[in-house]
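Engineer: First residue of the sequence shown? That's 443 in my numbering, and the numbers climb one at a time after it. Note that CB positions come from ideal geometry on N, CA and C, so glycine has one too. Everything numeric in this text was worked out from a predicted model, so none of it was measured. I have a structure here, written as structure tokens, and I will follow up with some questions on it.
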Amino acid sequence: MDYAEPRSTFALVLVCTNVRVIVPRMRRRRLWLIVAAVALAFSSVETYAASGGSTPDEIFLSLGWIATVLIAARIGSTVERLGQPPVLGEILAGILLSGLTLLGFHWLEPMHSSTVMKFLAEVGTIILLFQIGLESNLEQFRTVGARAMLVGTAGVVLPFVGGYFLGTLLFPEQSINAHIFLGATLTATSVGISVRVFRDLGMHSSPEVNIILGAAVIDDVLGVIILAVVRGLVLTGTFELASVLLIVAKSLVFLVGALVVGGRIAPILTTWMARLSSSTTMKFAVPTAFCFLASYLAYLVDLAPIIGAFGAGLILDRVYFAMYQAPEIVERIEEEVLPSLEGPPSVRLSEILQAYRLHHVEELIEPMAYFFVPMFFVMTGFSVDLRTFGSPQVVIAGLLITAVAVAGKLVTGLVAGPVRRWIVGWGMVPRGEVGLIFASVGLSIGAVTAEEYSAIMVMVMLTTLLVPFVLGYLLRRSKAGTP
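Structure representation (structure tokens):
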């Protein structure tokens, strides 16, 4: 059907236009930037559908899902009134939607396998980590590099060993490959959940966040290596050193190249694009394109796309965008108000306006986050299968796996140095979508049984729910000065 793409794009425009109800202060220009970006995303998804992926019917049905997820996310975020991070409410909203599928709301069931919803959720994690990168400072990471390396390494080794031995006790009838895969699943960390809690509470620039994000890079690299090795063992029955070395080499080349080469290219690229146009539209397009390109390159070297997005944000220093058009309100204040002031008030207002200029890129990206980021957290909750609680054996196994998973990550705080160790430890705990990916790979190749997979699902769900609550509590105590 040749008309499928225009129709779905038009329908998408209608849905995005209604986002103004959710974000009433959003400027019309910025709104249409989002519409264009999401329409482009849907065009890509429709191309995939034409090749045998999603169908046009699914894409149209997904418009209702998108509206449902956005409304559920906003309702869920009201837990903030109870002193809890909004991300906790968004995850709970997803679990509630999952429960509705068991009560007869069958039109929600296809969301579990929807390419469109998975794509939007993935974009949500990319945007979130890109925001954190933009708001971070590369120098801060250099000061915690060694500690992040220790935390990341410990966060892989300890859960892997603990998971392996627990597997031999819980599933003695399974092969050694199943036990190894259980250990590999526990190595994963879903840093997006922790980072969102820090951001919600205004502590995303703390040393603990820098250590957690740095450790997440190490965790991701080592996790990919372990997954590749274990997958190779299961499929071929042999250990191939060459494959492992290739993965390590690609990971190192990407990480070093992103910081060194990307750091040199970014100012040249942004300056050249500013000469073509210094408009707000270009100011939005350049960092957004840089983010998605870095995410794609990370995917090519078998790293998580969110690592590329975070690296892109880290590279794009705000000063690179000083030659672009400033916010309209800043220009008006500089022209109409600032000349009438003298002395300290004039200096203070100039400093505030300059800070607003530098943060303009983050402000332009923020409306995209309003749309995409809740998609990820609601879909994370929606992936929980509540039927797994129907088997006592699965629940008990899941609780024991959760205990080992949490303990293995909490211990990492001990090697974090002179920082709030409990915060670092809990920040490394959530497994989220990364744990689900590891478990799904094991299930697809026959290394993990349905029973073991359900127990892992319990662990993923509990760590996903525990972290926003516990980490939020610890951060609020820290802000209040309570030891």
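(1) Can you check whether the CB of A858 is closer than 8 Å to the CB of I635?
(2) Nearest CA to the CA of V836: which residue from F880, I898, M817 and G884?
(3) So, with DSSP's three-state summary, where would you put L780?
(4) Pop quiz: L791 and L800 are said to be a contact at Cβ under 8 Å. What is the actual Cβ separation, rounded to whole angstroms?
(5) Whole alpha helix (DSSP H) runs in the segment 720-747 with 4 or more residues, listed along the chain?
(6) Start and end of the alpha helix (DSSP H) containing M553?
(7) Write down the C-beta distance between I574 and A811 rounded to the nearest angstrom, noting that I regard them as a contact closer than 8 Å.
(8) Can you give me the Cβ contacts of L608 inside the same chain, cut-off strictly under 6 Å, excluding the 5 residues immediately before and after it?
(9) Contact between the segment 597-614 and the segment 626-634: three or more CB pairs below 8 Å?
(10) How would you label V676, buried or exposed, when you count the other beta carbons within 10 angstroms and need 16 or more for buried?
(11) Suppose you measure from the CA of Q796 to the CA of T822; what does that come to, to the nearest Å?
(12) What residue from H621, I775, Y606 and A657 has the CA that sits closest to V633's CA?
(13) Rounded to the nearest angstrom, how far is the Cβ of E894 from that of F572, given a contact under 8 Å?
(14) What is the residue span of the alpha helix (DSSP H) that T844 lies within?
(15) May I have the straight-line CA-CA distance separating A764 from G699, to the nearest angstrom?
(16) By alpha-carbon positions, which one of N619, R829, G785 and L756 ends up nearest to L655?
(17) Expressed to the nearest angstrom, what Euclidean distance is found between the alpha-carbon atoms of H802 and I771?
(18) Given a cut-off of 8 Å, decide if M817 and A509 are closer than it, judged by their beta-carbon atoms.
(19) Can you find a C-beta in chain D that's less than 8 Å from the C-beta of R673?
(20) Going by other Cβ atoms of all chains shown within 10 Å of its Cβ, with 16 needed for buried, is H548 buried or exposed?
(21) Quick one: residues in its chain with C-beta nearer than 8 Å to the C-beta of L664, no 5 flanking neighbours on either side, listed in chain order?
(22) Where do the ends of the alpha helix (DSSP H) carrying P816 lie?
(23) Could you tell me the boundaries of the alpha helix (DSSP H) in which P601 lies?
(24) In whole angstroms, what separates the C-alpha of H554 from that of I710?
(25) Quick one: is D499 buried, meaning 16 or more other Cβ sit within 10 Å of its Cβ, or exposed?
Structural biologist: Put simply:
(1) Not a contact, by the Cβ cut-off of 8 Å.
(2) Among F880, I898, M817 and G884, the Cα nearest to that of V836 is on I898.
(3) DSSP, read as helix, strand or coil, puts L780 in helix.
(4) About 15 Å separates the two Cβ atoms, so there is no contact after all.
(5) Assignment of alpha helix (DSSP H) within the segment 720-747, counting only whole runs of 4 or more residues, yields 722-742 in chain order.
(6) No alpha helix (DSSP H) contains M553, which DSSP labels as neither H nor E.
(7) 11 Å between Cβ atoms; not a contact.
(8) The residues are V846.
(9) Yes: at least three Cβ pairs fall under 8 Å.
(10) By the 10 Å Cβ count, V676 comes out buried.
(11) Going from the Cα of Q796 to the Cα of T822 covers about 38 Å.
(12) Of H621, I775, Y606 and A657, the residue nearest in Cα terms is A657.
(13) Not quite, the Cβ-Cβ distance comes to about 35 Å (not below 8 Å), so this is no contact.
(14) Following the DSSP letters along the chain, one finds T844 inside the alpha helix (DSSP H) bounded by residues P834 to L852.
(15) Roughly 25 Å between the two C-alpha positions.
(16) Here the closest residue by C-alpha is L756.
(17) Between H802 and I771, the C-alpha separation is close to 11 Å.
(18) Cβ atoms of A509 and M817: not closer than 8 Å.
(19) The question asks about chain D, but that chain is absent: this structure has only one protein chain.
(20) Result: exposed.
(21) Hits under 8 Å: G594, T595, V598 and T629.
(22) Counting along the chain, the alpha helix (DSSP H) containing P816 begins and ends at H802 to F824.
(23) First-last of the alpha helix (DSSP H) with P601: G587 to L612.
(24) A direct Cα-to-Cα measurement between H554 and I710 gives close to 43 Å.
(25) So D499 ends up on the exposed side.
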